[in-house]
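S.K.: The sequence shown lines up with residues 527 to 671 when you count with our numbering.
Handing you this structure, nothing more for now.
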Amino acid sequence: MASRDRRSAHRRNRCDLAVGPHIPWLGKLPGDIAVEGKNFRFPDWAHGGFVSITRTRDDLTVVCRQDVVPHGVHCDSGWRCLQLVGQFTLTEVGVIASLTKPLAEAEISVFVIGTFETDYLLVKDSSLTKAVAVLEFSGHSVRSQ
């Protein structure tokens, strides 16, 4: 009997993962985003609105509004930001996969940033319209903020 209960619990978990999480909606943040990954010091110019700074042993990556990056700083510009809007726990399974899987199938690359409160998907501006269409076709709602 105990092994049947475990199998039933395993099947329930498998079904939960197959269905995926409910994401109320994604918000398109205004403005273009740039990614800079060569600097090893925290830049004083990284401010205003959306900023993400990640330091590893090998590099320091700065993601911020494109218009605050000084001229001459090498960066990958032209990204647009989609914010997951809703309540999620850090241990919730499948949140990012439910978004990145359909985008990958549509050959749209993404750069994902996670925070304690939510997650963000960055897509190239040239792919934004297609990404929104793919996400909406997959059952997600995308709104401008």
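The beta-carbon is built from N, C-alpha and C at its ideal position, and this holds for glycine as well.
Classify Thr615 as helix, strand or coil using the three-state DSSP reduction.
M.R.: coil
S.K.: Select from Pro569, Lys656, His573, Arg591 the residue whose C-alpha is nearest the C-alpha of Arg581.
M.R.: Pro569
S.K.: With Leu648 and Cys607 assumed to form a contact (beta carbons below 8 Å), what rounded beta-carbon distance in angstroms separates them?
M.R.: 5 Å
S.K.: From which residue to which residue does the alpha helix (DSSP H) around Phe663 run?
M.R.: The continuous alpha helix (DSSP H) containing Phe663 extends over residues 654-663.
S.K.: What residue range does the beta strand (DSSP E) around Thr641 cover?
M.R.: Where Thr641 is concerned, there is no enclosing beta strand (DSSP E), given that its DSSP letter is neither H nor E.
S.K.: Report the option in Thr617, Val577, Val638 whose CA atom is closest to the CA atom of Val595.
M.R.: Val577
S.K.: Check the C-beta distance from Gln609 over to Thr644 and give it rounded, since I have them as a contact under 8 Å.
M.R.: 6 Å
S.K.: Quick one: residues in its chain with C-beta nearer than 8 Å to the C-beta of Val638, no 5 flanking neighbours on either side, listed in chain order?
M.R.: Ile622, Thr626, Asp645, Tyr646, Leu647, Leu648
S.K.: Just curious, the beta strand (DSSP E) that Ile622 is in, first and last residue?
M.R.: Taken as a continuous stretch (DSSP letters only), Ile622 belongs to no beta strand (DSSP E), being part of the alpha helix (DSSP H) at 621-631.
S.K.: When we look at the beta-carbon of Arg669 and count the other beta-carbons within 10 Å, is it buried (16 or more) or exposed?
M.R.: It is exposed - the Cβ of Arg669 has fewer than 16 other Cβ atoms within 10 Å.
S.K.: Identify the continuous beta strand (DSSP E) that holds Ser578 and give its terminal residues.
M.R.: 577-581
S.K.: Consult DSSP for Gln609 and reduce its assignment to one of helix, strand or coil.
M.R.: The DSSP-derived three-state label of Gln609 is strand.
S.K.: Just mark Val660 as buried or exposed, buried being the case when its beta carbon has 16 or more other beta carbons within 10 Å.
M.R.: Val660 counts as buried, since at least 16 other C-beta atoms from the protein chains shown sit within 10 angstroms of its C-beta.
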